[in-house]
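In what follows, a single structure is set out as structure tokens and then discussed.
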Amino acid sequence: MANVKDKVEANPRERTVSRRAFVRGGMTAAAFSIVPRRVLGGPGHVAPSDKLTLACIGVGAQGTRVMLDFLKQPDVQVVAVADVNRQSSDYSEWGTNELRDKVRALLEDRSWGSQLTGATAGRDPAQQIVEAYYGRRQPSGRYSGCAAYSDFRAVMSENKLGIDGVVVCTPDHWHAPISIMAMKTGKHTYCQKPMTHSVYEARRMADVARASKVATQVAVGNSASEATRLLCEWIWAGAIGPVRRVENWSSRPFWPQGIDRPDKPDPIPPGLDWDLWLGPAPVRPFNHVYLPFVWRGWYDFGAGALGDMGQYSFDTIFRVLKLTAPSAVEASSTKPFNETFPLASMIQWDFPARGDMPPVKLTWYDGGLKPPRPDELQDGVEMGSEHEGLLFIGDHGAIMSGFHGENPRLIPESRMRAFVPPPKTLPRSISHYREWIEAMKATTGGPPPAANFEFEGPIAEALLLGNIALRTGEKLRWDSASLKVTNVAAALPLINPGYRGEWGAVVTGQ
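For what it's worth, the working numbering labels the leading residue of the sequence shown as 3, then goes sequentially.
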């Protein structure tokens, strides 16, 4: 592989809740499942007793976006929010006033947030949004049924709220402890990507999901997309012959990486529980280089560009090529740093043959790196879409798409014009969020969401193994059955880095 050169605060408000619905977990034989559409009552109305109750844990900018999406679901009631930060206006947005404008659109109130000076999030704003949204539907125009907690553990122990499911949108190092605790208390669990922070956690979360039999889902919309299904149908029908190489490139990171720990601490902002934010991670003084959003670049908290985006694209790649565990992985990068991911990296996995599918080499690029431009791609045509993309290379041609598999095209364009797509044989999704909601309601063992923890766990393992190769600088031989790297001793402690305080017992169950 070529080297990359340096190029418990609480505001509980009680409400009566619906029955707890449990779904039979477990992975289906197929990578896709179809969930039947349900009649949800009259137009826009669901009886309160039929609503699923959710708690949103982690309501920073991304957690708030996800919360807004669940508020739109007519058969869901958000009854609690939890975040270690009370409120601040220093979150990241995808455009000027993006977060505020999404809230205004949901509330149909163009004045909401007029007093705010930046991207504002935290448990207090989240609670206010929930109550404003439901208040619009009350004759009085008021509603006060959403609890707000600084410590997510109150959500796990709170019986009065009767919470059916939790939505976990915290930094990566918190995904596994919170999700495992939720599943063990019988709560359906939706978790942000990447599914976990370590390889061990990915295996453990999948095992707990299998045992707990609750509905689980990783926040990966690729599993429900039309693009992923088209790529499966095209490649399975032989559109480009057996696929032996896949190239995947990302425009990330656009947060700081390749930096050292700051010399001096900053004052802890009022309203932030810094010790609880650290949670299972080693103690360190507070500094604004860690949060919000920028934690992604730090080994102790995030998973770099690969972790941030790879669970999306790898979901598509794993389904299309029916991948299992890799046999080996190696990486190269710009200058390495002790505590942060490098500015740019290239990581390559070797996957063994599967049935009649040949071995595959899958290569990831980030930090501005890209694969060589295919000879088949016409001059002036962008590789992928918006500086990101996927390229499947088969014995008889190639398919290029956007990062999520969107707009797949055989190249050159003459091949696409002559291509006759095969019949659409795979079941289509009712939507990413609806898959999880319907699985929560399926008391008779309906199919799990396509992006359930048991399916996504091996994907997370492969991704995070790539990060271990990046940190060790060695080619790793992987024994998936024993969860061990067989040839590089320095990689072994990175598979399960350990936890501070009580959190190790929460994850391991020991």
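Even for Gly, the Cβ is constructed at its ideal location relative to N, Cα and C.
Checklist entry - In terms of residues, what are the limits of the alpha helix (DSSP H) holding Glu249? => result Glu249 -> not in any alpha helix (DSSP H); beta strand (DSSP E) instead, spanning 245-251.
Item to check | Thr66 (DSSP reduced to helix, strand or coil) | outcome: helix
Next on the checklist: For the structure I just gave you, are there three or more beta carbon pairs, one from the stretch 54-73 and one from the stretch 164-171, closer than 8 Å?
Outcome noted: yes
Checklist entry - Taking the Cβ atom as the reference point for each residue, do Glu437 and Ala208 lie within a distance shorter than 7 Å? => result no
Next on the checklist: With a threshold of 6 Å on Cβ separation, who are the neighbours of Cys193 within its own chain once the five nearest residues in sequence on each side are excluded?
Outcome noted: Val170, His177, Ser181, Val220
Item to check | Option in Val322, Tyr301, Ser315 with minimal Cα separation from Pro338 | outcome: Tyr301
Checklist entry - Can you tell me the Cα-Cα spacing of Ala333 and Lys477, whole angstroms? => result 7 Å
Item to check | Any 3 or more C-beta pairs closer than 8 Å across the stretch 367-386 and the stretch 218-232 | outcome: no
Checklist entry - For Ser403, is the classification buried or exposed, using 16 other Cβ atoms within 10 angstroms of its Cβ as the cut-off for buried? => result buried
Item to check | Complete beta strand (DSSP E) runs within the stretch 461-495 (minimum length 3 residues, chain order) | outcome: 478-481
Checklist entry - What did DSSP end up calling Arg39 once you bin it into helix, strand or coil? => result Residue confidence is low: Arg39 scores 34 on pLDDT, short of 50, so the model does not pin down where it sits. Its coordinate-derived value is still stated next. It is coil, neither helix nor strand.
Next on the checklist: Starting from Gln129, trace the alpha helix (DSSP H) in both directions and tell me its first and last residue.
Outcome noted: 125-137
Checklist entry - Are Ala346 and Leu371 closer than 7 Å when you measure CB to CB? => result yes
Checklist entry - In chain order, which continuous runs of the alpha helix (DSSP H) of length 4 or greater are located wholly inside the stretch 167-225? => result 177-186, 201-214
Checklist entry - If we call anything under 7 Å between Cβ atoms a contact, is Val490 one with Gly396? => result no
Checklist entry - Considering only the beta carbon of each residue, do Ala462 and Pro450 sit closer than 7 Å? => result no
Next on the checklist: Restricting to Cα atoms, I'd like to know which of Ile270, Phe303, Pro282 is closest to Phe288.
Outcome noted: Ile270
Item to check | Residues bridged to Trp300 (per DSSP) | outcome: Thr342
Item to check | Delimiting residues of the alpha helix (DSSP H) encompassing Met359 | outcome: From DSSP, Met359 is part of no alpha helix (DSSP H); its letter is neither H nor E.
Next on the checklist: Since Ala327 and Phe303 should fall inside the 8 Å C-beta cutoff, what is the C-beta to C-beta distance between them, to a whole number of angstroms?
Outcome noted: Actually they are not in contact, since the Cβ atoms of Ala327 and Phe303 sit about 26 Å apart, beyond 8 Å.
Checklist entry - Gly404 CB to nearest chain C CB: under 7 Å? => result Of the chains in the structure shown, none is chain C; there is only one protein chain.
Checklist entry - DSSP beta-bridge partners for Val78? => result Leu54
Checklist entry - Name the DSSP beta bridge partners of Asp352, please? => result Ala330, Lys363
Checklist entry - Who does Ser335 pair with in a DSSP beta bridge? => result Ser347
Checklist entry - Going by the CB atoms, is the gap between Pro344 and Gly299 shorter than 7 Å? => result no
Item to check | Check whether Lys307 and Ser252 have beta carbons under 7 Å apart | outcome: It is Ala, not Lys, that sits at residue 307 in the sequence shown. The answer is yes: Cβ separation under 7 Å.
Checklist entry - Thinking C-beta only, is Trp279 closer than 7 Å to Val546? => result Outside the shown range of the chain, which is 3 to 512, sits residue 546, and nothing can be said about it.
Next on the checklist: Suppose contacts are defined by Cβ-Cβ distances below 7 Å. Is Glu235 in contact with Pro360 by that definition?
Outcome noted: no
Next on the checklist: If the criterion is Cβ atoms closer than 7 Å, does the pair Thr218 and Thr191 meet it?
Outcome noted: yes
Next on the checklist: Less than 7 Å between the beta carbons of Glu110 and Leu101, yes or no?
Outcome noted: no
Item to check | Distance between Asp77 and Gly143 (C-alpha atoms, nearest Å) | outcome: 20 Å
Next on the checklist: So, for Thr187: in the same chain, excluding its five sequence neighbours on each side, which residues have a beta-carbon less than 7 Å away from its beta-carbon?
Outcome noted: Met158
Next on the checklist: Using DSSP's beta-bridge definition, name the partner residues of Ile395.
Outcome noted: Arg247, Ala400
Next on the checklist: Is the beta carbon of Ala492 closer than 7 Å to that of Thr474?
Outcome noted: yes
Checklist entry - Where does the unbroken beta strand (DSSP E) through Ile413 begin, and where does it stop? => result 411-413
Next on the checklist: In whole angstroms, give me the CA-to-CA distance for Ile432 and Thr230.
Outcome noted: 14 Å
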